[in-house]
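Chemist: Numbering (UniProt numbering), first residue to last: 1 to 1033.
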Amino acid sequence: MAASEAAEVAETEDVVVVEDEEISEAAATLEAVAEGLTMVEEEDEVVVAAEEGDSAISRLSLRITGGAVPQPDPATTKLENETVKNQAPSSTQQLVSKMGKLELGDKKSQEEDKFPARPAFGTRGNPVTLWANYYGITTKFPTLYKYTITVKEIVAEEEGVAKSKGKGKQPKQPKPRDVKGRKLHLVICEVLKQLTKNNKSLVIATEFKSQLVSLQKLPLENDNTLRVSVAMAEGSDKMDVFEVEIHGPNEIRMNDLFEYLNSSTGGTSAKRLGAPGDDQDPAIALDFPKFPDVVDCLNVIFGYGPRSNIDNISAVGRSRFFSFKNGGITADLTANGRALIAARGFFQSVRLGTGRLLLNANVTHGIFKVAGKCDEIFRNFNVYAALASDARAKRNVNLISKFLPKTRVWVTMKISDGKMVKRSKAIFGVVRASHARAFAGPNAPRIDGDWEYPGPKNVSFHIDNRYVTVFDYYRSKYNFQPGNYPLLNLGTASNPTFVPAEFVEIQPGQSVKAKLTSRESTEMVNFACRSPYANALSITTDGRETLGLDGEVLKKFGIAVDKNLLTVQGRVLPAPAVAYLDSKRKETEVRPFGASWNMKNIKVFKPGKPIQRWTFVNLVPQKPENVVPVSKAEEFAAFMNTMDIKIANKIVPAPTLVISSTGFTKGSANEFFKWAKGQNIEFILVALGSTDTAMYSAVKMLGDCTYGIHTSCVQGTKLLNANPGYYANVALKWNLKAGGVNHKLRHEFGIIKEGKTMVVGYDVTHPTNLPTGASDDMPSLVGLVATVDKDMGQWPSISWEQSSKQEMLDEVLTEAFKSRLELWKKHNKNQLPENIVIFRDGVSEGQFAQVLQKELPRMRIACNSMYPKNQQPKLTIVVSVKRHQTRFYPTTEDNLPNNRNIQNGTVVDRGVTQARYWDFFLTAHASIKGTARPAHYTVLLDEIFRAKHKGEAANELEKFTHELCYLYGRATKAVSICPPAYYADIVCTRARAYRPELADISDTDSVVTGGAGSSVGGSKQVHEALKNSMYYI
1 MAASEAAEVA ETEDVVVVED EEISEAAATL EAVAEGLTMV EEEDEVVVAA
51 EEGDSAISRL SLRITGGAVP QPDPATTKLE NETVKNQAPS STQQLVSKMG
101 KLELGDKKSQ EEDKFPARPA FGTRGNPVTL WANYYGITTK FPTLYKYTIT
151 VKEIVAEEEG VAKSKGKGKQ PKQPKPRDVK GRKLHLVICE VLKQLTKNNK
201 SLVIATEFKS QLVSLQKLPL ENDNTLRVSV AMAEGSDKMD VFEVEIHGPN
251 EIRMNDLFEY LNSSTGGTSA KRLGAPGDDQ DPAIALDFPK FPDVVDCLNV
301 IFGYGPRSNI DNISAVGRSR FFSFKNGGIT ADLTANGRAL IAARGFFQSV
351 RLGTGRLLLN ANVTHGIFKV AGKCDEIFRN FNVYAALASD ARAKRNVNLI
401 SKFLPKTRVW VTMKISDGKM VKRSKAIFGV VRASHARAFA GPNAPRIDGD
451 WEYPGPKNVS FHIDNRYVTV FDYYRSKYNF QPGNYPLLNL GTASNPTFVP
501 AEFVEIQPGQ SVKAKLTSRE STEMVNFACR SPYANALSIT TDGRETLGLD
551 GEVLKKFGIA VDKNLLTVQG RVLPAPAVAY LDSKRKETEV RPFGASWNMK
601 NIKVFKPGKP IQRWTFVNLV PQKPENVVPV SKAEEFAAFM NTMDIKIANK
651 IVPAPTLVIS STGFTKGSAN EFFKWAKGQN IEFILVALGS TDTAMYSAVK
701 MLGDCTYGIH TSCVQGTKLL NANPGYYANV ALKWNLKAGG VNHKLRHEFG
751 IIKEGKTMVV GYDVTHPTNL PTGASDDMPS LVGLVATVDK DMGQWPSISW
801 EQSSKQEMLD EVLTEAFKSR LELWKKHNKN QLPENIVIFR DGVSEGQFAQ
851 VLQKELPRMR IACNSMYPKN QQPKLTIVVS VKRHQTRFYP TTEDNLPNNR
901 NIQNGTVVDR GVTQARYWDF FLTAHASIKG TARPAHYTVL LDEIFRAKHK
951 GEAANELEKF THELCYLYGR ATKAVSICPP AYYADIVCTR ARAYRPELAD
1001 ISDTDSVVTG GAGSSVGGSK QVHEALKNSM YYI
């Protein structure tokens, strides 16, 4: 909230509106951190070190290649050109569907709705050669063999007998236990030793969970079962026994892959393998991505090297690897008393290119637990045993204890034969007074009553017919006197094992999913955001070492990774001019420079409905220096009028709210809004504290849903010190809420100029990182936005809830889509749009087909109900993705912006794409500092561009998408992802505010692009008075 209301201004006397979310991409990092995502990719915001000046790019080229920058591979370029040339040119086939396909799952519909073949490569714009964060891969083997494995721990028979004693029952045969984590890793290592013991030439890789990949068939016995033993503890002679079942093999033919990659004709082989085009086999037309088993096997092989080094490299998820050798590359996130660090690592993933295999490698960052001896960590954070009456000591323990449950640790202990061993265990938690209720048995442990977090002297347990304190036990058995640190429980709630901090060491490389505080987020952003030069250099040096790209594992498999990053051909598209009104209210042209422009001495293009009745309320904690006077609000109104946004100069005086040090009560807030509704208040300006998200949510819920009053929340301190840029930032949002258009394209073109095209975006966010005990059926939130006229300045929205984590939209989509068509009709003299371009944000490649199979028919049903049967609209569906791993770096210093990034407007549609499919990368924005992240667009359906523009379809879609990025209404700059997707994300964020229990949900697994708005079928409905406005902005 605070970020979305803030502004940064380049020059005080000018009016440059750059909101915090769009100051490069720093806020995307903050958002990912705030949502509790473990991984945070490098973003577009960091101070570029002085030594990374004009010569950095030249030094990078020398470092990567040792000389001149190579041109993109000529053989790949030739194959790309031949592939596009040979793809069926018929425009009629590219109008993939006939109209009126209504039945979900209808066979005819599914056969006709296919991914469109790329009509051509783009040609417009100034050509530029770029580095891409990809390596070429060569392989020698024709076949791989893939196996799946299951591992069970065999429980000793005496353990089953011991558990049944005293119950009057016959002992049951103990059931095998599942195996996870480090123990599973060690078991699989033993499996590999057994398999290769008699055949040293056998080459096997694994991801240490459930898969084996080999160059040869494995020498398995008839039952495909192995028994392996692993030491119970480091230094121990006692062994745990495991049973391993190996299933397979599944034969993976590499020849089919290379036949597909190297075919340019679209003939029999490509048809059989699912190439798009007129001769595409309908049965596999929507099978995408291609060859998932091959790619999966290659990723297992590539990950095997770093995963094998378990003591030095932490593998997070499927593709991210962090080296903690010699401490790794880390930064403390400990300002708020929590034992967290940020670490830099590397991402890798095998991708299919045109005529070749590629390895996508990138810098990545994650949040991890501080590693080391627990007593040292406690001491560093001033954590000691805490009395129930000591609030400060309890707070210190509480901050650090939240991240300790399930933490893997090394425990030094003495076993029965007197030997000292080191075992890997998991922390149940810090011992707390309230835990005593769960202690089981007649001789349950005891905790001294005065202690909230007891130390070794304050906890007793029963042994040898007496109670002894943990302190005395360790003094007797280990000749050691533990310090006054909180005790750790390494057992269970009912059967605890108390261990002093000095005997426990947290293992390195344990990732955390946590919602960071504001200070921690700032530290994370400063660490994660780096310059293009720094990131490219890391990938080609530390990255190669961490990922083992020159290691023995790949050599044994006959895999070679190119030494140099790929170069690709890009083009820089010209920025469009935007239109405002001048002082005489005549349309005037503003030319962007560096993807941004200045609003000095100009007015909004179209003011919204005049705001006659508005008020101001100050909810900043009541300190004299924080109080925002009414005069500042009226000064803001005066500024709005200079922008031609019509608003009354004076506020309607508001009653004083009851505000405590923690904010206002729900009752007082409700009374205030009730008063405002009675006074016909249309807008409320609300001044909040800088981090008051709870109060923000309350304001939005009451304004948007309960009373139907527009609200605009601002940071009180920023309003107090506001300059023209800040006023303009907030004013642009007010004008959008009021139905105005802040700016438009000066020179409309193509389908925009005709005024017969509606643009849609929709999105889904799913509940993740919910607190312990939260319901598993928390709903997913869906939102949809759409334009209402050719100005493309107003994007009203609609939203609803659907089943938890359901990715594809349900039948509500039909009614929601109809509501957008009806709104367009209302604004366009009762005419419906002839074209509908739909942007769907964040869908994964594996879900492309589902969009056409499940969601497209629902939209067609909506169209069929609104249009005559023979006049159905043409549809184009484009997936827009921001969270991907592709980055581009400049190869020369010519015409570069000050931050040494690629130029805004850079588009790349070849080199790292598959020529058969229609996709492109677009960097529309100018990242202020750091490494720019392009948006990736993939066409799933096209009935508009190829039919209208024939061979220029690719150029026209790229131009359309690029110029859309200049129509984001609340900033004077191009944005990094097109507005349908951007607005959609904002609206889904707003929908979260109506449900505080979903405040931490994530859209990482989003399926669609959209926004929030009037609620259809949801319990948190937007008020009738606001539902067709941009209330969410």
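By construction, the Cβ of each residue, glycine as well, lies at the ideal position given by its N, Cα and C atoms.
Going by DSSP, which residues form a beta bridge with Leu404?
Modeler: Residue mapping note: residue 404 aligns to position 404 of the sequence shown, counting from 1. According to DSSP, Leu404 bridges with nothing at all.
Chemist: Taking only three categories from DSSP, how would you classify Pro72?
Modeler: Taking the sequence shown and counting its residues from 1, the one referred to as residue 72 is at position 72. Coil.
Chemist: Within this structure, are the beta carbons of Ile902 and Phe888 separated by less than 9 Å?
Modeler: Counting from one through the sequence shown, the residue named residue 902 turns up at place 902. Counting from one through the sequence shown, the residue named residue 888 turns up at place 888. Contact: yes.
Chemist: Which same chain residues end up closer than 6 Å to Pro119 when comparing Cβ atoms and leaving out the 5 residues on each side of it in sequence?
Modeler: Numbered from its first residue, the sequence shown carries residue 119 at position 119. Arg946, Ala953, Ala954.
Chemist: Within the continuous alpha helix (DSSP H) that includes Thr522, where are the two ends?
Modeler: Start at 1 with the first residue of the sequence shown, and residue 522 comes out as number 522. Per DSSP, Thr522 belongs to the alpha helix (DSSP H) from 518–528.
Chemist: I need the boundaries of the beta strand (DSSP E) containing Phe288, first residue and last residue.
Modeler: Position 288 of the sequence shown, counting from 1, holds the residue named residue 288. Run containing Phe288: none; DSSP gives neither H nor E here.
Chemist: Skipping 5 residues on each side, what residues in its chain have a beta carbon closer than 7 Å to that of Ala738?
Modeler: Looking up residue 738 in the sequence shown gives position 738. Excluding positions up to five away in sequence, the list reads Gly608, Lys609, Ile611.
Chemist: Can you tell me which of Lys290, Ala371, Leu719 puts its alpha carbon nearest to the alpha carbon of Arg351?
Modeler: As a first step, residue 351 is located in the sequence shown; it is residue number 351 there, counting from the start. Nearest C-alpha to Arg351: Lys290.
Chemist: Need the endpoints of the alpha helix (DSSP H) that Leu813 sits in, please.
Modeler: Residue numbering aside, residue 813 sits at position 813 when the sequence shown is read from its first letter. It spans 812–827 - the alpha helix (DSSP H) in which Leu813 sits, taken as one unbroken run.
Chemist: Helix, strand or coil: which one does DSSP assign to Gly327?
Modeler: Along the sequence shown, read from residue 1 onward, the residue named residue 327 stands at position 327. Three-state result, Gly327: helix.
Chemist: Between which two residues does the alpha helix (DSSP H) harbouring Cys863 extend?
Modeler: By 1-based counting over the sequence shown, the position of residue 863 is 863. 856–866 is the span of the alpha helix (DSSP H), which, as asked, contains Cys863.
Chemist: May I have the straight-line CA-CA distance separating Val851 from Leu781, to the nearest angstrom?
Modeler: Here residue 851 refers to the residue found at position 851 when the sequence shown is read from its first residue. Here residue 781 refers to the residue found at position 781 when the sequence shown is read from its first residue. So the two alpha carbons sit approximately 17 Å from each other.
Chemist: Between which two residues does the beta strand (DSSP E) holding Trp451 run?
Modeler: Start at 1 with the first residue of the sequence shown, and residue 451 comes out as number 451. Trp451 -> beta strand (DSSP E) spans 451–453.
Chemist: Does Val785 come out as helix, strand or coil in the three-state DSSP assignment?
Modeler: Along the sequence shown, read from residue 1 onward, the residue named residue 785 stands at position 785. It is a strand residue.
Chemist: Compare the C-alpha of Gly429 against each of Cys374, Asn479, His747, Gly418 and name the closest.
Modeler: Start at 1 with the first residue of the sequence shown, and residue 429 comes out as number 429. Residue Cys374 is the option with its Cα nearest to Gly429.
Chemist: For Met778, does the three-state DSSP call read helix, strand or coil?
Modeler: Taking the first residue of the sequence shown as 1, we reach residue 778 at position 778. Note: Met778 maps to coil in three-state DSSP.
Chemist: When the cut-off is 9 Å and only beta carbons count, does Ala331 lie next to chain B?
Modeler: Protein chains in the displayed structure number just one, and chain B is not present.
Chemist: Restricting to Cα atoms, I'd like to know which of Phe288, Asn864, Gln853 is closest to Leu832.
Modeler: Taking the sequence shown and counting its residues from 1, the one referred to as residue 832 is at position 832. The residue with the shortest Cα to Cα distance from Leu832 is Asn864.
Chemist: Would you call Asn250 buried or exposed, if buried means 16 or more other Cβ atoms sit within 10 Å of its Cβ?
Modeler: In the sequence shown, residue 250 corresponds to position 250, counting from 1. Exposed, since its Cβ has fewer than 16 Cβ neighbours within 10 Å.
Chemist: Strictly by DSSP, which residues pair up with Gln211?
Modeler: Translated into the one-based positions of the sequence shown, residue 211 becomes position 211. Beta-bridge pairing links Gln211 to Thr148.
Chemist: Excluding the five sequence neighbours on either side, which residues of its own chain have a C-beta within less than 8 Å of the C-beta of Glu523, listed in chain order?
Modeler: Mapped onto the sequence shown, residue 523 falls at position 523. So the qualifying residues of the chain are Ala331, Asp332, Leu333, Ala335, Ala342.
Chemist: Please confirm whether Leu537 and Tyr135 have their CB atoms less than 9 Å apart.
Modeler: On the sequence shown, residue 537 is found 537 positions in, with the first residue counted as 1. On the sequence shown, residue 135 is found 135 positions in, with the first residue counted as 1. Contact: no.
Chemist: Please confirm whether Met363 and Ile539 have their CB atoms less than 9 Å apart.
Modeler: The sequence position of residue 363 within the sequence shown is 363, counting from 1. The sequence position of residue 539 within the sequence shown is 539, counting from 1. It is worth fixing the name first, because residue 363 is Val in this sequence and not Met. Against a cut-off of 9 Å, the Cβ pair of Ile539 and Val363 comes out as a contact.
Chemist: Can the beta-carbon of Ala984 be found less than 9 Å from the beta-carbon of Gly761?
Modeler: Position 984 of the sequence shown, counted from the start, is the residue given in the question as residue 984. Position 761 of the sequence shown, counted from the start, is the residue given in the question as residue 761. Their beta carbons are under 9 Å apart, which means Ala984 touches Gly761 by this criterion.
Chemist: Going by DSSP, which residues form a beta bridge with Asn362?
Modeler: In the sequence shown, residue 362 corresponds to position 362, counting from 1. Asn362 pairs with Phe347.
Chemist: Give me the Cα-Cα distance between Arg423 and Leu688, rounded to the nearest whole angstrom.
Modeler: Position 423 of the sequence shown, counted from the start, is the residue given in the question as residue 423. Position 688 of the sequence shown, counted from the start, is the residue given in the question as residue 688. For Arg423 and Leu688, the distance between alpha carbons rounds to 51 Å.
Chemist: From what residue to what residue does the alpha helix (DSSP H) around Gln194 run?
Modeler: For the purposes of this step, residue 194 is identified with residue 194 of the sequence shown, where counting begins at 1. From DSSP, the alpha helix (DSSP H) with Gln194 extends over 181–196.
Chemist: Per the DSSP calculation, Val295 is bridged to which residue(s)?
Modeler: Here residue 295 refers to the residue found at position 295 when the sequence shown is read from its first residue. Val295 is not bridged to any residue.
Chemist: For Leu387, which option in Lys513, Asn484, Leu565, Asn299 has the closest C-alpha, if you only look at C-alpha atoms?
Modeler: The residue labelled residue 387 in the question sits at position 387 within the sequence shown. It is Asn484.
Chemist: With a threshold of 16 other CB atoms inside 10 Å of the CB of Asp763, please say whether the residue is buried or exposed.
Modeler: Position 763 of the sequence shown, counted from the start, is the residue given in the question as residue 763. Buried is the call here.
Chemist: I need the straight-line Cα distance from Ile1033 to Ser712, nearest angstrom please.
Modeler: If you number the sequence shown from 1, residue 1033 lands on position 1033. If you number the sequence shown from 1, residue 712 lands on position 712. Ile1033 and Ser712: Cα-Cα distance of roughly 9 Å.
Chemist: Please state whether DSSP places Asp841 in a helix, a strand or coil.
Modeler: To locate residue 841, count along the sequence shown from 1; it is residue 841. Correct three-state label for Asp841: strand.
Chemist: In its own chain, which residues sit with a C-beta less than 6 Å from the C-beta of Ala1025, not counting the 5 before and 5 after it?
Modeler: Position 1025 of the sequence shown holds residue 1025. Gly708, listed in sequence order.
Chemist: What is the DSSP secondary structure of Ala342, counted as helix, strand or coil?
Modeler: The count along the sequence shown starts at 1 and reaches residue 342 at position 342. DSSP places Ala342 in strand when its eight states are reduced to three.
Chemist: Please state whether the Cβ-Cβ distance between Val628 and Leu719 is less than 9 Å.
Modeler: Residue 628 sits at position 628 when you count from the first residue of the sequence shown. Residue 719 sits at position 719 when you count from the first residue of the sequence shown. Yes, the Cβ-Cβ distance between Val628 and Leu719 is below 9 Å.
Chemist: Taking DSSP as the reference, what is the three-state secondary structure of Leu257?
Modeler: For the purposes of this step, residue 257 is taken as residue 257 along the sequence shown, with counting starting at 1. If DSSP states are grouped into helix, strand and coil, Leu257 belongs with the helices.
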